[in-house]
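Residues are numbered in this note's numbering as their position in the sequence shown, beginning at 1, plus a constant of 385. Note that the Cβ used here is the ideal one computed from N, Cα and C, for glycine as well. Note that this is a predicted model, so its numbers are computed, not measured. Data first, discussion second: the structure below is written as structure tokens.
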Amino acid sequence: MPKTEDQTAAISHEDARRIVSGQHDDPFSVLGPHKVGRSRWVTALDPGAANLEAVSGGKSYPLEPVSGVHGLFTGKVAGTKPYRLAGDDGHGNSWDIDDPYRFGPVIGEMDEYLLAEGTHERLWKVLGAHVLDHEGARGTHFAVWAPNARRVSVVGDFNHWDGRRHPMRRRGSTGVWEIFIPDLGEGTVYKYEILGVDGRTGPLKADPVGFGSQHAPENASVVRDIDGYGWDDAQWMASRGAANGREAPISVYEVHLGSWKRKHDEGGRSLSYKELAKE
Numbered sequence: 386m387p388k389t390e391d392q393t394a395a396i397s398h399e400d401a402r403r404i405v406s407g408q409h410d411d412p413f414s415v416l417g418p419h420k421v422g423r424s425r426w427v428t429a430l431d432p433g434a435a436n437l438e439a440v441s442g443g444k445s446y447p448l449e450p451v452s453g454v455h456g457l458f459t460g461k462v463a464g465t466k467p468y469r470l471a472g473d474d475g476h477g478n479s480w481d482i483d484d485p486y487r488f489g490p491v492i493g494e495m496d497e498y499l500l501a502e503g504t505h506e507r508l509w510k511v512l513g514a515h516v517l518d519h520e521g522a523r524g525t526h527f528a529v530w531a532p533n534a535r536r537v538s539v540v541g542d543f544n545h546w547d548g549r550r551h552p553m554r555r556r557g558s559t560g561v562w563e564i565f566i567p568d569l570g571e572g573t574v575y576k577y578e579i580l581g582v583d584g585r586t587g588p589l590k591a592d593p594v595g596f597g598s599q600h601a602p603e604n605a606s607v608v609r610d611i612d613g614y615g616w617d618d619a620q621w622m623a624s625r626g627a628a629n630g631r632e633a634p635i636s637v638y639e640v641h642l643g644s645w646k647r648k649h650d651e652g653g654r655s656l657s658y659k660e661l662a663k664e
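Now the structure itself:
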């Protein structure tokens, strides 16, 4: 369909192209609800949809396909009430989802400040995947540190492992990317897709601060609701302060360096320790 004057005001052709191609570094500036004049416009990416509408306040508002690209829809949605997206593929299959791009950030200003300063002492509370309530919805908040990325997306079965579907929000100069996805919870399998500054995506990455993972040989991360877990280590927690740290056994943790840095121009080989030290 021809792009209307209203559509042009809501989304530029360049933004539309970059969103659909997975090249946009600020998806929240395009997707979700935005004020255009006095109207609220909603833009959503759903490559599998033949038809898409926003449902708000008991009313349905059709979203029209954006001209020149596939899978991007936009349209006016009256009022300010929350909305859901209802779509179908034209072959009898339909779905109804909440829109991640209508939600604000989860990471607060103090966390952002400490992350940027490099002095945050409770990173596990901020990074990783956390099941929580946010702005009236239950879902999972994903956050990962990838300072040199142009774009980071969460991928999994819930979006057919398509990195265009859930690109994340960059948090200023912290190097952290985040997104809250409603209706996802315990047991969700996921990885991160990272678009580098060279314009290429490498192998999908497991979560370096993940709280669950698949059994080998599979290696994706799994959402675990650690806040809802029934810990039974109260006695040990109470006694550990009296332990002699110098003479007691230690716990050793391992990180697989080769999985997070590779030479893409040399067949994707892993870096040596000397090369990693320079990085």
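How big is the Cα-Cα spacing for L448 and K420? 15 Å
Thinking R536 and H409 are a contact (beta carbons under 8 Å), I'd like their distance in whole angstroms, please. 7 Å
Between V539 and D547, how many whole angstroms is the CB-CB distance? I'm expecting something under 8 Å. The Cβ separation is near 11 Å, so there is no contact.
Less than 6 Å between C-beta atoms, sequence neighbours within five positions excluded: which residues of the same chain meet that for D610? V516, E571
If you drop the 5 nearest sequence neighbours on each side, which residues of the same chain put their C-beta closer than 7 Å to that of R403? H409
Does the count of Cβ pairs from the stretch 491 to 510 and the stretch 445 to 461 closer than 8 Å reach three? no
Beta-carbon proximity of A401 to D484, cut-off 8 Å: no
Indicate whether H455 and P432 have their beta-carbon atoms separated by less than 8 Å. yes
In angstroms, rounded to a whole number, what distance separates the CA positions of G442 and Y468? 7 Å
Take K595 as the anchor and find which of F543, I635, W530 has the nearest alpha-carbon. The residue you asked about is not Lys; residue 595 is Gly in the sequence shown. If we check each option's Cα against that of G595, W530 comes out closest.
What are the residues that DSSP puts in a beta bridge with I566? T525
Report buried or exposed for W426, applying the criterion of at least 16 other Cβ atoms within 10 angstroms of its Cβ. buried
Who are the near neighbours of K648 in its chain, counting only those whose CB is closer than 7 Å to its CB and skipping five residues on each side? R654, L656
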